[in-house]
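Here is the structure we will look at, set down as structure tokens.
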Amino acid sequence: MLAALWLALLSLLFLLPIVVVPPAVDSFVLAKRTLLQAGAFILLGLLAATAFHGREARVLLQPINGLLVLLLLWMVVSLLWSSARTMTLEAIWYFAGILGVVLVYQSITEGKRTRLLRVAQVLMLSSLIVALWTLAWDIRAGFFSESFAIRRVLGDWRDFLSVVAFGNTSHIGDFLVFGFLLWVGAFILARHRVAVALSIGALWVHAAALIVCWSVHSNLSLVLSAALAGWLIWRQLGGSMILRRRGRWLVLVAGWILVTLFYVVDHPANPHGSSQWAPAVTAEYEQYGLPVPEGGFSGGIFSQAFASPRWVAGWNTRVAIWLTTLEVVRNNTWLGTGAGTFTHVYPATISELVLNNPELRGYSGSWTNAAHNDLLEYWSELGVPGAFLLVLLVAVSIKQHWDRLQRGTGPGNTVVLSLSMAALVALCLQGQMNFPLQLPVSSLLFFLLLGTPFLLPAGGYETRDLNVPVARLYGPVSLGIQMKNMAYPTEVSLRWAGENRSVATGLSAVCIVIMLVPAWMSLQPLRADMMYREMRELKLMAEARGMTASRADAIFEGSERLLSIWPGHVDCRSAYQDALLEVGRYEDVVEQAAIVLEKLNAIEVYERRALALEALGRGDEAIADWNEIFRRRPDMSQRHPAQHNAWLGRIMEAD
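Using my numbering, the letters of the sequence shown map in sequence onto residues -18 to 636.
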């Protein structure tokens, strides 16, 4: 049974970064999130079954786990003032799943460095697959872009890479940084030529993939975290370990230089050579009446990136989001708005700094998926206590990493601790411009990394603590506590000590079956999202043929069936409300608006309800909605001039 638990854990960690479900609308984040939650139930069921088979199910009593439990409890408490209770409940459920995986991971890896290295190896394999996948699609985008159709969002080559594993090149880059650091560890510790060659090749591939992702914060986090890891390893082990391997280092660095030159220099074999991208950029400049540089566009990936309109837009978008998030924090400094509610509160929050800036005004009142700064998002949702707990989690883990390195670990532990600390720092740096703690893979890796120094066995000159197990029988159940140096407990354990093996086997089977039920239920949102994609395609087909009634019928039938599976699918419910408005079912539009607004506090929901109320002759009730619409987006006056004039009149009367 322990072997099954171990295999399930490794499978989850391997599959999570690479799983994609193309038939779903949200084929990346939702797919990974549902897999993580289902995996958590399966792991907990197998852990319980393992305990019934006579092996101990352990929970470590370490500071990190105490802080994680406190964070979960604070999320629960935030229900009392949450601005969107449904979203808070979902956030609690999701974080509980992550905590469950973390506790199972610790239970079967604590004190066993070989198992920790196996976990690292499966993540390295996933990272290598993602890197190769990225490069394959980059070549296809450069030379065979006509062979497939994509949804253009970013406006440059990164749109084509959005089909890779994470759906966004910045998220791909963040994960590749983690994999890069793991492969550096394998490179340093490799003893056989095959292992050395494999790690060198993997690091070349990762470097190439990070270049084509063109994620500034990802590459910056890699440079800083790699420098930290190098300094820690050099400080602990001296230069002899590196100098003895200078031949392999020269080969590795030479390869990195060649990889960089391949993408930077303009040549026909470069997917980012000017022959591939310059014609499209020239046409785009001419379309918008912008002056094309004399001699046209030329150069490799640097020239392509700086010629991309995304380069400026990406920064302005983040500035607008950060300023608006700071306004959310200012309005809810101490307690926050409730766990998981950022996307609900953000669209209704107006920052005067954004509204009064011509370059940022267009982003005011819009919806966004994250604060693009994890500390700010934690602060906005969970107030000062939530932000403090997040900082404390990192501080405690970093201190434990540092203390263990100071005590003089062996070479193996030194490399593991140095790279684990560097990876944790990299995630924190990425969290200043991205949102790794809001994504399934990076958030799970973050919380797993926190416990690394508590899980590694002692080595080198470290003092071995005297751990004394104390167990007591309660009928057929054995409850154990491990005492460190007979001073304080470090773990509690539970196992079935009954002699009747048939009963134990039966109870194990019951545990597994019971956990399969919520695991299956956790996958239902993904099933509903696959249905939603099918429904959307029917809608588009009907629109293309001018079949309004058919379109509405398809949405009604699909929505009702889908929402019975997952009532929380807010995108579907919003589309349902839109269809109701189109066919004149105004009472239903008003009814659905209240439900949609529980999770999607977007301007179009108010607009539909206001139009429906006016059509019902209840214009007075629509005033509140029009006030909210024009407060957030004064530019909506172009769509509804009469209502906007009335709104201005009400403001003047109030003054």
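Positions of the beta carbon are idealized from the N, C-alpha and C atoms, including for glycine. Quantities reported herein were computed from a predicted structural model and do not represent experimental measurements.
ask   = Tell me which same chain residues have a C-beta within less than 6 Å of the C-beta of Ala407, skipping the five on either side of it?
value = Within the same chain, and ignoring the five residues on either side of Ala407 in sequence, the residues whose Cβ sits closer than 6 Å to its Cβ are Val158, Ser202 and Ser206.
- Message: DSSP three-state label for Tyr455, please.
- Response: Of the three classes helix, strand and coil, the one that applies to Tyr455 here is strand, per DSSP.
Could you check what DSSP says for Lys13 in three-state terms: helix, strand or coil? Of the three classes helix, strand and coil, the one that applies to Lys13 here is helix, per DSSP.
- request: Kindly indicate the opening and closing residues of the alpha helix (DSSP H) around Leu113.
  value: Arg94 to Phe124 is the extent of the alpha helix (DSSP H) around Leu113.
Practice task
May I ask which residues mark the beginning and end of the alpha helix (DSSP H) holding Pro(-2)?
Solution key: Element bounds for Pro(-2): Leu(-17) to Ile(-1).
Check your understanding: Can you tell me the Cα-Cα spacing of Phe161 and Leu231, whole angstroms?
Key -> So the alpha carbons of these two residues sit roughly 18 Å apart.
C-alpha distance - Ala(-16) paired with Leu28, whole-angstrom precision: Going by the C-alpha atoms only, they are around 11 Å apart.
Q) How is Ile462 classed by DSSP in three states: helix, strand or coil? A) Strand at Ile462.
- Query: For Trp547, does the three-state DSSP call read helix, strand or coil?
  - Reply: Trp547 carries a coil assignment under DSSP once its states are collapsed to helix, strand and coil.
Review point. In the structure shown, what three-state DSSP assignment does Ala530 receive?
Key: Low local confidence applies: a pLDDT of 49 at Ala530 is under 50, so the model's placement there is unreliable, and no value is given.
Q) What are the start and end residues of each continuous alpha helix (DSSP H) run of 4 or more residues lying completely inside the segment 471 to 524, in chain order? A) As far as the segment 471 to 524 is concerned, its whole alpha helix (DSSP H) runs of at least 4 residues are 482 to 503.
Check your understanding: Is the beta carbon of Ser483 less than 8 Å from the beta carbon of Leu431?
Key -> Result no, Cβ atoms of Ser483 and Leu431 do not sit closer than 8 Å.
Please specify which runs of the alpha helix (DSSP H), each continuous and at least 4 residues long, are wholly inside the segment 201 to 286, giving them in chain order.
-> Runs found: 221 to 224, 227 to 245 and 255 to 268.
With H, G and I counted as helix, E and B as strand and the rest as coil, what does DSSP make of Arg311? It is helical.
On the three-state DSSP scale, how would you describe Val2? For Val2, the three-state secondary structure derived from DSSP is coil.
### Element boundaries [alpha helix (DSSP H), containing Leu41]
Run containing Leu41: none in the alpha helix (DSSP H); it sits in the beta strand (DSSP E), Ala38 to Leu41.
*asked:* I'd like the list of long-range same chain contacts for Gly539, defined as Cβ closer than 6 Å, with 5 residues on each side in sequence excluded.
replied: Only Met516 meet the Cβ criterion.
Sub-8 Å separation of Ala403 and Leu209 beta-carbons:
Yes, the Cβ-Cβ distance between Ala403 and Leu209 is below 8 Å.
Checklist line | Helix, strand or coil at Asn337 [DSSP, three-state] | finding: Of the three classes helix, strand and coil, the one that applies to Asn337 here is coil, per DSSP.
Exercise. Between Ala77 and Leu53, what straight-line distance do the alpha-carbon atoms span, to the nearest angstrom?
Worked result: Straight through space, the alpha carbons of Leu53 and Ala77 are spaced by roughly 7 Å.
Helix, strand or coil for Tyr469, going by three-state DSSP, please let me know. Looking at Tyr469 - three-state DSSP - the assignment turns out to be strand.
| query | Touching or not, the segment 349 to 361 and the segment 83 to 97, by the rule of three or more beta carbon pairs under 8 Å? | reply | Contact fails: fewer than three Cβ-Cβ distances are below 8 Å.
Out of Asp569, Arg612, Ile576 and His198, which has the shortest C-alpha to C-alpha gap to Leu594?
The residue with the shortest Cα to Cα distance from Leu594 is Asp569.
Going by beta-carbon coordinates alone, are Val1 and Ala117 separated by less than 8 Å?
The answer is no: Cβ separation not under 8 Å.
- Where do the N-terminal and C-terminal ends of the alpha helix (DSSP H) with Gly319 fall, by residue? Looking at the DSSP string, Gly319 is not in any alpha helix (DSSP H), and its letter there is neither H nor E.
message: What does DSSP give as the partner residue(s) for Pro450 in the beta ladder?
response: Residue pairing by DSSP puts Pro450 in a beta bridge opposite Gln463.
- Could you tell me the distance, in whole angstroms, from the CA atom of Gly479 to the CA atom of Leu(-14)? Rounded to whole angstroms, the gap between the alpha carbons of Gly479 and Leu(-14) is 21 Å.
- request: Round the Cβ separation of Ala183 and Leu109 to the nearest angstrom and send it over; I've been treating them as touching at under 8 Å.
  value: Right, the Cβ-Cβ distance comes to about 5 Å (below 8 Å), so this counts as a contact.
- Item | Span of the alpha helix (DSSP H) around Leu49 | Pro44 to Val58 is the span of the alpha helix (DSSP H), which, as asked, contains Leu49.
Notebook entry, point to check: Cα-Cα, which of Gln463, Ser545, Leu521 and Val564 is closest to Gln43?
Noted result: Out of Gln463, Ser545, Leu521 and Val564, Gln463 has the C-alpha closest to the C-alpha of Gln43.
- Would you mind reading off the limits of the alpha helix (DSSP H) that contains His382? For His382, the enclosing alpha helix (DSSP H) has its first and last residue at Asp355 to Gln387.
Around the C-beta of Val586, are 16 or more other C-beta atoms found within 10 angstroms, so that it is buried, or is it exposed? Buried, since its Cβ has 16 or more Cβ neighbours within 10 Å.
| said: Are the CB atoms of Trp55 and Gly412 within a distance shorter than 8 Å? | reply: Taking 8 Å as the cut-off, the Cβ atoms of Gly412 and Trp55 do not count as close.
Three or more C-beta pairs closer than 8 Å, one from the segment 324 to 337 and one from the segment 260 to 275: is that the case here? No: fewer than three Cβ pairs fall under 8 Å.
Does the segment 441 to 448 touch the segment 420 to 429, meaning 3 or more C-beta pairs lie closer than 8 Å?
Short answer: they don't touch.
Open item on the list: So for Leu420, helix, strand or coil by DSSP?
Closed with: It is coil, neither helix nor strand.
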